[in-house]
Structure formats: C-alpha cells, structure tokens
C-alpha cells in the first residue's frame, strides 16, 4: 500500500526477471492506463486465472507502468483470514486518501469513516459507503490519475467487493484504473461491469524463455521436460527445477515422474518447510494465519521468533518462501506457500498460533474473536455469545455476509442444540441477505436434520422459503410454511426479527403472483390486518388489479415521497413490487434502496430496471438482462437468472426475433413449467403473440392471446393483464373480429382500468382508438379517440406501444385518403422502430408509406438514399461537429446544414445526432 502522494516505481513483489509474454493482457492494461492518463475515462478489469499463473506479476507490471505514467498507485491484497472483516480491503485501498475526506459531504464522510472503523457509529449501508468512496476517489483524481490494484479478489470481504463493484460501474468519467485478480473458483460480483480477462497458461515459446531466465544452466533435455510438466504455469516453471538434484539439472540422471500442479505443487513448498527449524516454521505459521491487513500484526511473528528473530528472518528469506515487506510484515512468495504452511502444521500448533495472534489484538476486534474461536479446544457458550454479538453488529453495518460467517462459528461453539439451531438460522438469513445463497442452502439443509426451537420457527420457515424460491425455483414451501409463520408472529404480537412479518408477507405475495396458487390468495387475505399500509397497497396492486388496484399508482407515489432512504428490506421490496405491478418504477423509487447493497436487493432493483427499459424504449440495454442473468446464475440465484432471461425475451419478441425467442423459451420454459410459474409461462405465450404481430400473422397472434383471456373478460390470476390487453385488441381488429375487440375494450372501461396507472390509462385509450368504426360518419369519433390516446399524461414514455399506435393510426388515415397526415404518423412510428431496431415493425411502416405514395426509399436497407451533400453533412455530424462548424467546413450557412439534417434523419431512420454514426455504419 502507498500514501496518496507516492507512486510505485518498481516491482512491489519479489525481485525477479522481466515479464515474459502476456502481450494481450499487457495491451489491454496499457490501454486502460492510457485512458486514465489522457482523461478519456476510467475502467475496471478483472484478471482471472489459476494459482501461480502470473496474475500478481501482471499486477506488479501494471503498478510499475502506472507509476512511470505518473498515476497514484493504491494496492491491496485479499486474505482468507480477514474475509470476516467488513470493508477491510476497502480500508487498505482508501486509507492513504482519507486526508481528503474533508471535501466530502458530512453524511458521506461519516458513512465512510464509520465503515472503516475510524469513528463510532453504524454506516447507513453499502450504496452510501460506495458513493462516499467514489467521491473520495474523484477528489484525489483531480490532482493525479489513480490506479487501484487488488490481488486475490476471491479472498476480499463481501462488503469491500460490493463497493468495488459499485465503483466499477461509475468510474467511466474518472481518470481511474481498477485492476483485480481472482481465481476461477472465486466468487463473482453481481452487477460487475465487465467480464473477467482469463489469464491462460504461457505458450511453449514463452514458457521456454521464462525458464531460461529463471534457470539458465538447465540441461536442454531437463528444460524440455520441465516445460512439459509445468504446462505453462509460471510458478511451476520457477519451482519445479529447484526440487531437482544436480544430476537432474545437468541431465545426467533421468528425471522423476511427472508432478501435476495444484496440491502437488503445494507439497513442494511443504517439502521445503521440512528443512526449516521449528522456530522458523512457527513464525511462518503465525504470519500465514494472521492475514495481511492489520497494522498491529507485524509484531506477532517477531515475538514468536523470540531472541533469534534476526536469524529466523534470515532463514526465511534465504528459503525464498517469504520476505519482509515495507510495512514490516512477512509477505509470502505465493498463496500456495501460505496454504502449505498451514497444511503442514499440526492441530495443536495451529491452535497455539491462533492464541498468540489473539493476544496481539485489542478486545472487541473481530479478528481477535476469530483467532480465539480457532484456538478453542472445545465449545463454549461465552465465546459463542460473543461471536453472535459481533456477527449481529457486522450485519447492522451492512456486512451481512461476514456476519453470517461469525454466526456460523458461534453455532459451532454452542453447547446445546437449541442455541446452535438459533444461531444457524440467523446465519442462514444473514447469508441470504448478503448474497451467499448456496451457503444459505447448505445451512438450511443442516438445520433440517434436527429439531428447530419454536421461538425461531418463523425465521427458519422464512429461510427455507428464501432458498426454495431463489435457489431451487420451488414455490410449494411458500404456501405450506409462510401462512403458519405469519400466524405465529401475529399470535405472539412481538417483532423479534425486525420486519420479518413484512418480508414473509412479501415472499408469500411474490409466490402467489408468480404461480397464481389459490392457497396464497387465501393466506394473504387472512393476514392483511396484521401488515403495514405498504403491504396492503402491494396486495391490492397484485390481487386482482381490474377490481382492486384503482388509485394504486397515485397512492404509491405519495407513500414513496414520505419514505426516507434506507428502509427495512421488506418495506422496500413491497414498494418496488407495487411499482412493478403498475409499471411505475422510476428514479424516485430507487433512492429508497440507497442504503442497501445486498445482492438480493440489487437483484430486485435490476429486474425492475430491465422491464422498465423495455417499456420506456431503452432497448439498447437489452443485453444487460443476459449479463444480470449470468451473474445471478453464478451466485446461485437461479430464479432471478430465469426472470432476467424472461425479461430479455421481451426485447426479442418486440423486435420480432422469433429464433432468439425460441432459444430462450427452450431454456426457461421447462423450469418455469415445473415450478408452476404462470408469471413466466403466460408471459411467454403473450410474447409469442407479440412476435407474430410483428410479422403480420394476426390470426396466430389472436389464437395465442385468446388462450390467456376471453373477449370481454379481464381474468383473475393474470395480474399483468394490461400488457397483452392492447395486443389482444389489435389482433382482433386486424383478423376481422371487431366485435371481440369492442367487447374487450368495453370490459376494461367498465372496470375503470384507466384509474390504476398512467400506463393502464394509455393502453385503454390506445385500444379504444383501434376499435373506432370504419364508416364515414364515425371519422370524427375516431379522430377524437386517437387524439385522446396521444393526450394521455405520460403517453410519450411508452415508446414501443406509442409507435404501434401511430402505425395503426397512419394506416387508418391512409385508407381514408388523408395521405399527409398518414405520412406524419407513419414516419414518426418508423423512426421509433428504427431506434428500437424493431425491423419487422419498421417494414410495416415502409409498406404503409409505399401504399400512401410516400416511399421511404429503396436500396438494400429499404431506405431512401442520401444525396452526396447530405452524406457529407451526415459524416461530419458523426464526428461531433456542430452545425456552425459543418457550415464553415462546407461553405454553407448553419441554417442550410439544419435543413439538410431535417431530411437526413428520417432517411436514416433516426431522431437524434447521437445516432448518426451508428446509422451510417449500418447503411
């Protein structure tokens, strides 16, 4: 680690030869540094590879290059021994910059200093800490670009990793480079802004070159065998020859049998340990168990060495296993050395080392507790209680994942089965909130093997349901366990587990909305009197919207405005789920989640944003759904992964991509069908109809939609009925069933669905316009209906549906000979479809314009070609020039440039200057 005004100027690890190979990785990292140095933007990179593959060497190279370029380098290393220390690695990174924290707003400064343990008090949560860290880095970057280099991300505490992920998504405008290393089996970061860069084995030529640098006197036959054995692993290339005798090195004696990498390579270090003295191995063991992040720890290994500390240190450095770093700590040659040191020690030796380490740490330090727990020879209730208290404090600070680890340790030290079960249950819920769902599942399975005390039964039921819903994609336990849990909590009248009533009610409501199971509906209605107004509003939004959801959007908006940030998770989830029911999730709602960085909460927000992007025409974000799905899958949130792919299917259907829709349907529909998730299977039926509409197959679309709802019926069990409602009416009208379309609109008007939300109001008005009569005496009424639909407040937000309304309106106008008005509507629709890349819908617009005598143009893309002058102007616009600058370059006035652009935009099928470059590339 370095101070703020220090730049690393050399290899901060072990002295060694120059970096060999890695051209691809070095080019990528050089570009990242250049971006920060030039001010063009920041970047985040994760280098992923096996142990010994050379990730740290790349990090050292990056540090040296960054220092040469004048960047401030901030380094940190994750350590398994310190994974329970919330924000520990973040502290390593930011500590040199804290002198600049006075520039932060007071609430951010307080949050950051509380998270880093500098001041007393509990920080608001991960997003606030992340925002404060971002502000601190931005302030430092004003003086000099920054490089944050973190080794062993898989050993970084979850709270720090969450903040790093938060930063990685927001540094694109800062002169800041972030580079991390991790192993392939390390935990992934949900929402991480980039895919890892895999650091693979060295090529044969590079491996030979590196081996010659490390061991220049090796015989040719021996070198060839070592290169073969090492399989491109740099650490193996360095270490394997060191185990050979002189005859082997010279090639005069046959080499031993091949030694695979992994545990065998660790054994090589273990063999070297055997040659060290007992006191030296005790010192190494203290350093191995002590971790890397404590300023108070260097003295422990020194006192362990006793009077012979200098000789012991000489022996360690001579062995090449470790060295003394600038902070006075023992830095191991490689993580495998640390593993070998610990593995070679006896149980009693490890306990003695933990006792020494504990004595060196202050009372109240979480690491002291963990060392005491590792040193204990038998369970003890006093130690278990202290571990539980520390874990609960960590959870309150936003470190749920770390708190769960301490509760698990507390359970292991419990002296009676009931206390153990209580602590394991608390650990399960904490780990779920902290995003470690597979770990939660393991704890739940362990709990199922024994009795659960009655006082913890509701929380245990919640943990089981959480795992079943999120991990196993199974909703049956929601209907068997949660009603009993809610009844028990209502009977006791107590709230021993915070907002558990709200969270359990939400999980039951979620399961009911996803499956339509009547058991859930009955249970929800039975417990309405015991839940908050937010829970009752959410129930109204989803129970039977045509009959229960009137006024929900306006009530939600008023409730959200009264709420403070950092609400309990259950309350926030209820408000978000309510917003999803009425398509009202917006930036005003996101602020309620500002204090929550748990993966479960982030996943809920991300799902809402994916659907919002579809509804609001942000279709360039479609791939975000798949990235979120992959991240959720890796974290064990299999239900979220399924739902993210289901949201991606909306974009595919809207674009008429039937092949893509079939592929995603084949992947998610069997799982959804098995789980009884009508929310997904019914949506897929609707999306199939939407894709058919895109290609003009109206009879097929009507048949698909008819299986979801009958004409004139707004069915119970389809709470999102409004989404296929407009498509049902459109399909019915286009395939010659006007009576069915009129009946459907009449039912919706009778149900007053326009009073539910602005989106419901727009869809009803749009459908009402579609059913306007064809006779000449009905033209005035039809015009009024279309005008009323366009005038619905917020109509412009629903980009795709508004474009389809304009397409229908333009077609209606064309058939009545009103070609000028038809062209205006059709061209507006065409431009929207082009922006969305919804090509089949754009083609429908072109056909209507051709029929109106207003063709969009010919050519391969079906577009009217640009004139030479228009093309010149478009190319200059694509470079970022203003109209005035273009006019000066071409010798024309800015007004003339504007006039040309007025023609260029519709020809390219775009509506903004920002889209010109892409449109030209596509042309």
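Numbering (our numbering), first residue to last: 3 to 925.
For every residue, glycine included, the Cβ atom is placed at its ideal position computed from N, Cα and C.
Which one of the options has the shortest CA to CA distance from residue i?
i: residue 932; options: 784, 117 and 804; result: The shown model of the chain, from 3 to 925, leaves out residue 932, and the question about it has no answer.
i: residue 57; options: 42, 95, 156 and 112; result: 156
i: residue 548; options: 635, 428 and 755; result: 755
i: residue 577; options: 490, 617 and 535; result: 535
i: residue 22; options: 523, 727, 204 and 162; result: 204
i: residue 910; options: 830, 898 and 882; result: 830
i: residue 475; options: 443, 454 and 886; result: 443
i: residue 667; options: 677, 690 and 676; result: 690
i: residue 280; options: 136, 322, 310 and 583; result: 310
i: residue 50; options: 134, 164, 478 and 202; result: 202
i: residue 73; options: 142, 149 and 115; result: 149
i: residue 620; options: 179, 840 and 332; result: 840
i: residue 827; options: 625, 84 and 854; result: 854
i: residue 867; options: 843, 894, 845 and 922; result: 922
i: residue 935; options: 606, 604, 650 and 726; result: Because the chain spans 3 through 925 in this model, residue 935 falls outside it and cannot be assessed.
i: residue 403; options: 897, 793 and 160; result: 160
i: residue 531; options: 369, 552 and 491; result: 491
Quick one: what does DSSP say residue i is sitting in, helix, strand or coil?
i: residue 182; result: strand
i: residue 362; result: coil
i: residue 261; result: Confidence at residue 261 is low in this model, with a pLDDT of 48, below 50, so the placement of that residue should be treated as unreliable; the coordinate-derived value is given next. Looking at residue 261 - three-state DSSP - the assignment turns out to be coil, as it is neither helix nor strand.
i: residue 858; result: coil
i: residue 149; result: strand
i: residue 116; result: helix
i: residue 482; result: helix
i: residue 242; result: helix
i: residue 298; result: At residue 298 the pLDDT is 38, less than 50, meaning the model places this residue with poor confidence; the figure from the coordinates comes in the next sentence. Looking at residue 298 - three-state DSSP - the assignment turns out to be coil, as it is neither helix nor strand.
i: residue 723; result: coil
i: residue 325; result: strand
i: residue 4; result: Note that residue 4 has pLDDT 35, beneath the 50 cutoff, so the model's placement of it is unreliable and the number below is only indicative. Residue state, collapsed to three classes: coil.
i: residue 21; result: coil
i: residue 168; result: helix
i: residue 50; result: strand
i: residue 864; result: The pLDDT assigned to residue 864 is 49, lower than 50, so where the model puts this residue is not dependable; a value taken from the coordinates is nonetheless given after this. DSSP places residue 864 in coil when its eight states are reduced to three.
i: residue 77; result: strand
i: residue 45; result: strand
i: residue 454; result: coil
i: residue 61; result: helix
i: residue 221; result: coil
i: residue 477; result: coil
i: residue 200; result: strand
i: residue 462; result: helix
i: residue 910; result: helix
Under the assumption that residue i contacts residue j (Cβ atoms under 8 Å), give the Cβ distance between them as a whole number of angstroms.
i: residue 750; j: residue 766; result: 5 Å
i: residue 373; j: residue 360; result: 4 Å
i: residue 429; j: residue 410; result: 5 Å
i: residue 383; j: residue 416; result: 7 Å
i: residue 34; j: residue 47; result: 6 Å
i: residue 1; j: residue 740; result: With the chain running from 3 to 925 in the structure shown, residue 1 is simply not present.
i: residue 234; j: residue 211; result: 12 Å between Cβ atoms; not a contact.
i: residue 502; j: residue 460; result: 6 Å
i: residue 703; j: residue 695; result: 5 Å
Using a Cβ-Cβ cut-off of 8 Å, state whether residue i counts as contacting chain B.
i: residue 670; result: Absent here is chain B; the protein component of the structure consists of one chain.
Exercise. For the segment 681 to 689 against the segment 631 to 648, are there 3 or more C-beta pairs whose distance is under 8 Å?
Worked result: yes
Exercise. Should the segment 651 to 666 be called in touch with the segment 871 to 888, which here means at least 3 C-beta pairs below 8 Å?
Worked result: no
For this session: Check whether the segment 98 to 116 touches the segment 60 to 71, taking contact to mean three or more Cβ pairs, one atom from each stretch, closer than 8 Å.
Result: no
Problem set entry | 4-residue-minimum alpha helix (DSSP H) runs that sit fully inside the segment 597 to 652, ordered along the chain | With a minimum length of 4 residues, the continuous alpha helix (DSSP H) runs that stay inside the segment 597 to 652 are 601 to 617 and 624 to 637.
Exercise. With a cut-off of 8 Å, do at least 3 Cβ pairs link the segment 760 to 771 to the segment 790 to 808?
Worked result: yes
Exercise. Any contact of the segment 602 to 616 with the segment 777 to 795, i.e. 3+ C-beta pairs under 8 Å?
Worked result: no
Exercise. Which residue spans inside the segment 507 to 552 form an unbroken alpha helix (DSSP H) run of at least 4?
Worked result: 520 to 528, 535 to 545 and 547 to 550
Problem set entry | Cβ contact check for the segment 467 to 474 and the segment 504 to 516: 3 or more pairs under 8 Å | yes
Exercise. Contact between the segment 331 to 346 and the segment 272 to 287: three or more CB pairs below 8 Å?
Worked result: yes
For this session: State whether the segment 537 to 557 contacts the segment 699 to 713, with contact taken as three or more CB pairs (one from each stretch) at a distance under 8 Å.
Result: Contact between the segment 537 to 557 and the segment 699 to 713 is not established, with fewer than three Cβ pairs separated by less than 8 Å.
Problem set entry | Start-end ranges of the alpha helix (DSSP H) lying completely within the segment 785 to 860, minimum 4 residues | 801 to 817, 821 to 838 and 841 to 853
Exercise. Quick one: complete beta strand (DSSP E) runs, 3+ long, within the segment 374 to 421?
Worked result: none
For this session: Check whether the segment 512 to 530 touches the segment 481 to 496, taking contact to mean three or more Cβ pairs, one atom from each stretch, closer than 8 Å.
Result: yes
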